[in-house]
Amino acid sequence: MTEYSAIEMMICVAARELENGSTVGVGTGAPCAAAMLAQKTTAKDLSILFEAGGISPQLPEMPISVGDSRTFYKAAMAGSMGDTMEACSRGFVDYTFLGGAQIDKYGNLNSTIIGKEHRHPKVRLPGSGGANDFASFCWRTMIMTVQDKRRFVEKLDFMTTPGWINGDDSREKSGLPLNTGPYKIITNLALMDFEPKSKRMRVISIHPGYTFNDVQDNCGFELLCAETAEKTHPPSMGELKILREEVDPYRYVIGR
Amino acid sequence: MTEYSAIEMMICVAARELENGSTVGVGTGAPCAAAMLAQKTTAKDLSILFEAGGISPQLPEMPISVGDSRTFYKAAMAGSMGDTMEACSRGFVDYTFLGGAQIDKYGNLNSTIIGKEHRHPKVRLPGSGGANDFASFCWRTMIMTVQDKRRFVEKLDFMTTPGWINGDDSREKSGLPLNTGPYKIITNLALMDFEPKSKRMRVISIHPGYTFNDVQDNCGFELLCAETAEKTHPPSMGELKILREEVDPYRYVIGR
Amino acid sequence: MNVLEQGHGKLFMDPDPDNAREFFRKKKRKMDNKVMDLKTAVEKFVNDGDYLAIGGFGANRTPVSACHEIVRQGRKNMGFAGHTSTHDMEILSAGKVYNRIDVAYVVGLEARGLSTCSRQYLESGHVEITEWSNYSLTARLKAAAMGVPYIPVRNLMGTDTLKYSAAKIADCPFTGKKLTLMPALYPDIAIIHVHEADIYGNARFKGIAVSDIDLANAAKRVIITTERLISHDEITRDPSSTRIPYYVVDAVCEEPFGAYPGTMPYEYFSDEEHLKEWLEVEKDSEKFQVFLKKNIYDCKDHEEYISRNGGAKKRRELRAKEMLL
Amino acid sequence: MNVLEQGHGKLFMDPDPDNAREFFRKKKRKMDNKVMDLKTAVEKFVNDGDYLAIGGFGANRTPVSACHEIVRQGRKNMGFAGHTSTHDMEILSAGKVYNRIDVAYVVGLEARGLSTCSRQYLESGHVEITEWSNYSLTARLKAAAMGVPYIPVRNLMGTDTLKYSAAKIADCPFTGKKLTLMPALYPDIAIIHVHEADIYGNARFKGIAVSDIDLANAAKRVIITTERLISHDEITRDPSSTRIPYYVVDAVCEEPFGAYPGTMPYEYFSDEEHLKEWLEVEKDSEKFQVFLKKNIYDCKDHEEYISRNGGAKKRRELRAKEMLL
Numbered sequence: 179m180t181e182y183s184a185i186e187m188m189i190c191v192a193a194r195e196l197e198n199g200s201t202v203g204v205g206t207g208a209p210c211a212a213a214m215l216a217q218k219t220t221a222k223d224l225s226i227l228f229e230a231g232g233i234s235p236q237l238p239e240m241p242i243s244v245g246d247s248r249t250f251y252k253a254a255m256a257g258s259m260g261d262t263m264e265a266c267s268r269g270f271v272d273y274t275f276l277g278g279a280q281i282d283k284y285g286n287l288n289s290t291i292i293g294k295e296h297r298h299p300k301v302r303l304p305g306s307g308g309a310n311d312f313a314s315f316c317w318r319t320m321i322m323t324v325q326d327k328r329r330f331v332e333k334l335d336f337m338t339t340p341g342w343i344n345g346d347d348s349r350e351k352s353g354l355p356l357n358t359g360p361y362k363i364i365t366n367l368a369l370m371d372f373e374p375k376s377k378r379m380r381v382i383s384i385h386p387g388y389t390f391n392d393v394q395d396n397c398g399f400e401l402l403c404a405e406t407a408e409k410t411h412p413p414s415m416g417e418l419k420i421l422r423e424e425v426d427p428y429r430y431v432i433g434r
Numbered sequence: 179m180t181e182y183s184a185i186e187m188m189i190c191v192a193a194r195e196l197e198n199g200s201t202v203g204v205g206t207g208a209p210c211a212a213a214m215l216a217q218k219t220t221a222k223d224l225s226i227l228f229e230a231g232g233i234s235p236q237l238p239e240m241p242i243s244v245g246d247s248r249t250f251y252k253a254a255m256a257g258s259m260g261d262t263m264e265a266c267s268r269g270f271v272d273y274t275f276l277g278g279a280q281i282d283k284y285g286n287l288n289s290t291i292i293g294k295e296h297r298h299p300k301v302r303l304p305g306s307g308g309a310n311d312f313a314s315f316c317w318r319t320m321i322m323t324v325q326d327k328r329r330f331v332e333k334l335d336f337m338t339t340p341g342w343i344n345g346d347d348s349r350e351k352s353g354l355p356l357n358t359g360p361y362k363i364i365t366n367l368a369l370m371d372f373e374p375k376s377k378r379m380r381v382i383s384i385h386p387g388y389t390f391n392d393v394q395d396n397c398g399f400e401l402l403c404a405e406t407a408e409k410t411h412p413p414s415m416g417e418l419k420i421l422r423e424e425v426d427p428y429r430y431v432i433g434r
Numbered sequence: 401m402n403v404l405e406q407g408h409g410k411l412f413m414d415p416d417p418d419n420a421r422e423f424f425r426k427k428k429r430k431m432d433n434k435v436m437d438l439k440t441a442v443e444k445f446v447n448d449g450d451y452l453a454i455g456g457f458g459a460n461r462t463p464v465s466a467c468h469e470i471v472r473q474g475r476k477n478m479g480f481a482g483h484t485s486t487h488d489m490e491i492l493s494a495g496k497v498y499n500r501i502d503v504a505y506v507v508g509l510e511a512r513g514l515s516t517c518s519r520q521y522l523e524s525g526h527v528e529i530t531e532w533s534n535y536s537l538t539a540r541l542k543a544a545a546m547g548v549p550y551i552p553v554r555n556l557m558g559t560d561t562l563k564y565s566a567a568k569i570a571d572c573p574f575t576g577k578k579l580t581l582m583p584a585l586y587p588d589i590a591i592i593h594v595h596e597a598d599i600y601g602n603a604r605f606k607g608i609a610v611s612d613i614d615l616a617n618a619a620k621r622v623i624i625t626t627e628r629l630i631s632h633d634e635i636t637r638d639p640s641s642t643r644i645p646y647y648v649v650d651a652v653c654e655e656p657f658g659a660y661p662g663t664m665p666y667e668y669f670s671d672e673e674h675l676k677e678w679l680e681v682e683k684d685s686e687k688f689q690v691f692l693k694k695n696i697y698d699c700k701d702h703e704e705y706i707s708r709n710g711g712a713k714k715r716r717e718l719r720a721k722e723m724l725l
Numbered sequence: 401m402n403v404l405e406q407g408h409g410k411l412f413m414d415p416d417p418d419n420a421r422e423f424f425r426k427k428k429r430k431m432d433n434k435v436m437d438l439k440t441a442v443e444k445f446v447n448d449g450d451y452l453a454i455g456g457f458g459a460n461r462t463p464v465s466a467c468h469e470i471v472r473q474g475r476k477n478m479g480f481a482g483h484t485s486t487h488d489m490e491i492l493s494a495g496k497v498y499n500r501i502d503v504a505y506v507v508g509l510e511a512r513g514l515s516t517c518s519r520q521y522l523e524s525g526h527v528e529i530t531e532w533s534n535y536s537l538t539a540r541l542k543a544a545a546m547g548v549p550y551i552p553v554r555n556l557m558g559t560d561t562l563k564y565s566a567a568k569i570a571d572c573p574f575t576g577k578k579l580t581l582m583p584a585l586y587p588d589i590a591i592i593h594v595h596e597a598d599i600y601g602n603a604r605f606k607g608i609a610v611s612d613i614d615l616a617n618a619a620k621r622v623i624i625t626t627e628r629l630i631s632h633d634e635i636t637r638d639p640s641s642t643r644i645p646y647y648v649v650d651a652v653c654e655e656p657f658g659a660y661p662g663t664m665p666y667e668y669f670s671d672e673e674h675l676k677e678w679l680e681v682e683k684d685s686e687k688f689q690v691f692l693k694k695n696i697y698d699c700k701d702h703e704e705y706i707s708r709n710g711g712a713k714k715r716r717e718l719r720a721k722e723m724l725l
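Just so you know, the sequences run in chain order A, B, C and D.
The first sequence: position 176 = 354 (the working numbering), numbered continuously.
The second sequence: position 187 = 365 (the working numbering), numbered continuously.
The third sequence: position 124 = 524 (the working numbering), numbered continuously.
The fourth sequence: position 266 = 666 (the working numbering), numbered continuously.
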């Protein structure tokens, strides 16, 4: 069997989630690698939007910034932040990929501070950037992150970006656009979704070599497990070849 | 003495009102001729904005539409309606020139209907166009119109565009941007402004050959007359030469 | 939110962004070849009863050939955005295509005079009318493009235009000032004429944008008529020039001289003689029907219309006029 | 208007459009020659205590030379729009230029990592912080550009970002939906880097606009730094390409390679080695001061900075990288 790293696994699993002919708002790093891999495998007609204004580029290599010149290389349009975000707000963008320093059981994300005091945090992080916007507007939020107890927490220090908020119908009631919300979580251990009623995080597929207990042990809150939970297909030779040779030959992302 | 027509008189008087180095939002016809004449006489650095998006063109001839290609010929920018109107709304545009089928003593304008029933008017007119916007946003509204009792009325059939509304502080109270409002009225008989307190129309200069009584007789409401009311300077030879030879050689406007 | 005052004009279109989002969610995002002839595009995407908005500015970069085709196909009971509508409205009025209209600028052809046909149709009482201003409609399209139900603007206050609009005045929670809230306008169908587009609908134009970028984004369906098709490679070579992205577009129709008898900047100037003929002949309703038969109903397409009004010679003249030669 | 919920973050700038209008009323509209050197422009138009916004996107088409000059001149107590701020913020943090910040994206340099200097400065408690998102700040600039006190957006709801913002949630009088109202942001001073500008400030750039058009319009004062001055005739030959009109601009400074070590689309790519050096050297505050002395305080201008970091050879390399050669 082919050797692969945790990050390669995550990127391959994420890429498979992207429907052909759909649109995705992404940032740099692993999400962008996943979108690029999808374009070269199962979703040739996937259209990528960057928050700074790049719309449907033909990415020649991994961008280093969501506003660098690669993000509108041979693009359909080099627009503005308004152009991208308005498209999201109008309902034109199907997916977004986000990460965060902390995530809770409803898929809410923290990328603002570690610590309880806003003015005197233990660690100051970048803040929302476009994450709150993408997660508010895009139909389906996908989250890619390495999983451990410090990251998967019972309570966020700061809720930067909305997931299902307090579960149940709290997101709908908040006033955010209807029928949006977190869709899948892709970690190094498992693929998760959210139980439709309570909106709690639920394991639906466990990566090769791990058990549900491993997934739960690396999580600071109680996970649900779908009855039909399966074993995740490992990255195929073909996926890995394209990822390593075409998507990220300089190992910017997969080499981390 | 030089012969001149009523419309030539109006254009020359209007042109003199435009300060050098200022900005003006204009339409087609006489207002545009006045702005062009001003640029060629006392206001070389007058910048013209058209509502459709033409910003600071070097007009090669009279435009026939506020969106035709002349309105952005050798312009600083060919923008959008948003660009022009946002500039007005932000307070960047000093003057606008408007007209209308009816005007009342507070400088309110009607360009929507003649008759009392909106659904069944005697005459349907074009509506606001950009007039309500310009009159709401630009600092000083100037009105150019031929004067008679059918046009200068006690009560408008429809108030399309705001002047001083009901006089006194009613414009300020309406919520429109502060310190804006009608500034001068230029007719074939006189130049008028508005009495500062009541905001009623007031004659400040009477064109050669007319008396205050002539002006009042051609007006459907009672006019005020400034104590200092003067005789309007007739168009100079120089003004007429430029108007006839450079601004409107084909007599689109002055030939009417 | 405390509404201080509101217009009693009818709001023809639903400003709810969630309803629009459900529509846009289903819209195809794939770069499909959308080229078709104009007849097919109008058959497919312009329906009786739809709310229609026309790009450009009255007789400037206006999709005149599409207006003719709509009349030729006999569309009825449409809503119409009378946003700087001049010659486009004159054509649609001749076909009595619409029965409700948001008015900003109608009936007139600017310096050219008023259209008898448009005037009589609006005066007939058969048309429901809501009043706005040009920038009000621009702001309504901007709100829709932004996916929000309204945008505040500081106009209309104190006037009858407000009373006959469907806007609402409310105070601002930051400043206490009164603001006029303009409800989002999502037209069912927009038709926009451009200089160049690729087969997927990525479109660009030169000169003033008027409100076409927001219009393209706000509309549920978009037909692009273009002077020329260009290659997708040409679009991607210079993505800074793309004004309308492919994913909002449903049909691309190559219509050279598609804005005739209006102006197409950098291409051809308006045919003022022919526009004057329109205004003149409208005054006699019998003559006008003969004129419409000749110029619209009996023409199979825009090329035939142009050839009946001067053809290649006229085209050369108008091009020279545009270029100030 | 019923406010349902509101952030308790500080609103640093007055959103009142009438106050802004009084300022803009006095702004000169004449096409004056506004060319000056950057030192003079910063002396004249960037004051201690002003609220500053930087164009571009962090390290893309960012006026880096102006950020250096601000630090070199020792500006203090400024407000700052942390709108996709990355390397620009890193520089301004090094100079402790600001003491209050609207945060959308700060501290990080995207995929490159976090800036120790920016982090420590924000963690020190010496900086007042209000939280937003990128699009929230874009919408705030758009509201200011439109001359209205707010624009509604459908984000932030349900989060702590809202609680630490200065936005307000109110219901929509058309749909009953909740909306987040973003107060207008009129920065005192904006600095924007472009490809080309004429002496009056008519400016154009290629590639993504980010939020620079609204920023230019919203700001009370604007400094344009440009890769190249071009003739006014070239601007008027192609007015469709003008993105920023002269009347909002106060100063035009010709600063070739002015975005170095960031990317200038179609001109040069970012100097990743040097950006890495910044991030690395910040970790040791003594070394960092030496580094700053060398690269900012002891440089008389941007050209000297570039020559200390590879000069013409580096410039050629970065150009080749941008062109994918």
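Don't be surprised by glycine CBs; every beta carbon is placed ideally from N, CA and C.
By the Cβ rule, the region 480-490 of chain D does not count as touching the region 278-289 of chain A, because fewer than three pairs are nearer than 8 angstroms.
Residue burial annotation: N617/C is buried, with at least 16 other C-beta atoms found within 10 angstroms of its C-beta.
Boundaries for V425/B: no alpha helix (DSSP H) harbours it, and the DSSP string shows neither H nor E there. Looking at the DSSP output, L401/A bridges to nothing. Residues of the same chain with a CB within less than 7 angstroms of the CB of S376/A, apart from the 5 flanking positions on each side, are G345, D346 in chain order. DSSP places S225/B in the uninterrupted beta strand (DSSP E) bounded by 225-227. Close CB contacts of G547/D within its chain, under the 6 angstroms cut and outside five residues either way in sequence, are with P417 (chain order). Rounded to the nearest whole angstrom, the C-alpha separation of M664/D and P665/C is 31 angstroms. Apart from sequence neighbours up to five positions away, the residues of its chain that approach L556/C with a beta-carbon distance below 7 angstroms are S533, S536, L562, S565, A567, T580, ordered along the chain. Annotation: Cβ neighbours of V610/D in chain A (cutoff 8 angstroms, chain order): A230, G231, G245, S258, M259.
It is roughly 57 angstroms from the alpha-carbon of E350/B to the alpha-carbon of K713/C. Judged by DSSP in its simplified three-state form, N499/C adopts strand. Proximity of D282/A to chain C, defined by a Cβ-Cβ separation below 8 angstroms, is not satisfied. In the DSSP assignment, E531/C forms a beta bridge with V503/C. The closest CA to that of G205/B, considering only P427/B, P360/B, F270/B, M322/B, is found on M322/B. For P415/D, the neighbours in chain C by C-beta distance under 7 angstroms run, in chain order, F574, T575.
Residues are counted here when their Cβ sits less than 7 angstroms from a Cβ of chain C; for the region 263-280 of chain A these are E264, S267, R268, G269, F270, given in chain order. For P360/A, the closest Cβ of chain D is not nearer than 8 angstroms.
Taking a cut-off of 8 angstroms on C-beta distances, the region 670-690 of chain D does not touch the region 636-651 of chain D, as fewer than three cross pairs fall below it. Contact between the region 285-295 of chain A and the region 666-679 of chain C is absent: fewer than three C-beta pairs spanning the two stretches fall below 8 angstroms. Judged by DSSP secondary structure, L215/B falls within the alpha helix (DSSP H) whose first and last residues are 208-218. By the 16-neighbour rule on beta-carbons within 10 angstroms, Y586/C is buried. With contacts defined by Cβ atoms closer than 8 angstroms, S247/B and E722/C form a contacting pair. In terms of Cβ geometry, I529/D and Q406/D do not form a close pair [threshold 8 angstroms].
Residue contact with chain A for D560/D: present (Cβ-Cβ distance below 8 angstroms to some residue of chain A).
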